[in-house]
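A.B. asks:
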């Protein structure tokens, strides 16, 4: 089980759209340089570096330096504990807390998803 | 699909151990008053109110007032989009990104879990 502080860092890191977009870009390739990652975003390199720092602290990415080039990669498996935390709660909330409401909400979501 | 800003709020709300503990307490009962929720925590009522504000903004709880008593409840289904976001990534990262590493890490995690 991941320690509490790691869950804190993981969830906090995911609470930002640029950081989630960086992760999605990394998922499309084996690795990317910092400038490749920064390219599509309308923010400056130092801001990207700061986001990468947060993602690194949360253990979601690794950074390796070769000469002056830093290559960033996803760290496989690093979302597992956050996912497990959510899975246990989502299941429990849906099946136990206020059953009729949960059922109605699930049906409404499914109906919307089919549209 | 949940909007980006809702995902921001959900993940940010989950990035705090007191807020996650409040959610877990709420999952054990049909509803709780603010003072019932505050009771096990070594923090003052205004701090608890602030955490409830963050959880409410993220749509994870509902608050209803009857006279002077505020009852707090979980909002069923409110974790679903955050869960879906993580599920898609976790699967993808584990199966595609750096396969041997992902496999080795998964095995190591499983071995640790069996201990």
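Residue numbers (the working numbering), protein chains in the order written: chain Y, -11 to 103; chain U, -11 to 103.
Positions of the beta carbon are idealized from the N, C-alpha and C atoms, including for glycine.
Please report the residue range of the alpha helix (DSSP H) in which residue 33 of chain Y lies.
C.D. replies: Counting along the chain, the alpha helix (DSSP H) containing residue 33 of chain Y begins and ends at 33 to 45.
A.B. asks: If we count Cβ pairs, one from each stretch, closer than 8 Å, do we get three or more for the region -6 to 10 of chain Y versus the region -9 to -1 of chain U?
C.D. replies: Touching, yes, given that three or more Cβ pairs across the two stretches are closer than 8 Å.
A.B. asks: Determine the DSSP secondary structure at residue 110 of chain Y, reduced to helix, strand or coil.
C.D. replies: There is simply no residue 110 of chain Y to check, as chain Y begins at -11 and stops at 103 in what is shown.
A.B. asks: With H, G and I counted as helix, E and B as strand and the rest as coil, what does DSSP make of residue 20 of chain Y?
C.D. replies: Note: residue 20 of chain Y maps to strand in three-state DSSP.
A.B. asks: How should residue 63 of chain U be labelled, buried or exposed, when 16 other C-beta atoms within 10 angstroms of its C-beta is the threshold for buried?
C.D. replies: Residue 63 of chain U should be labelled buried.
A.B. asks: How far does the beta strand (DSSP E) with residue 51 of chain Y in it reach, from first residue to last?
C.D. replies: Here the beta strand (DSSP E) through residue 51 of chain Y covers 49 to 54.
A.B. asks: Pick out whichever of U/48, U/57, U/79 and U/43 has its Cα sitting closest to the Cα of residue 68 of chain U.
C.D. replies: When each option's Cα is compared against that of residue 68 of chain U, the closest is U/48.
A.B. asks: If we ignore side chains and look at the alpha-carbon of each, how far apart do residue 53 of chain U and residue 36 of chain Y end up?
C.D. replies: Near 44 Å, if we compare the C-alpha coordinates of residue 36 of chain Y and residue 53 of chain U.
A.B. asks: Quick one: is residue 41 of chain U buried, meaning 16 or more other Cβ sit within 10 Å of its Cβ, or exposed?
C.D. replies: When all chains shown are included, residue 41 of chain U counts as exposed.
A.B. asks: When the cut-off is 7 Å and only beta carbons count, does residue 76 of chain U lie next to chain Y?
C.D. replies: Residue 76 of chain U does not count as touching chain Y.
A.B. asks: When the distance is taken between beta carbons, is residue 50 of chain U closer than 7 Å to residue 19 of chain U?
C.D. replies: Not closer than 7 Å, so no.
A.B. asks: Give the DSSP bridge partners of residue 61 of chain Y, in chain order.
C.D. replies: Answer by DSSP bridge pairing, in chain order: Y/50.
A.B. asks: For residue 9 of chain Y versus residue 80 of chain U, is the C-beta distance shorter than 7 Å?
C.D. replies: Contact: no.
A.B. asks: Which class does residue 29 of chain U belong to by DSSP, given the choice of helix, strand or coil?
C.D. replies: Coil, per DSSP.
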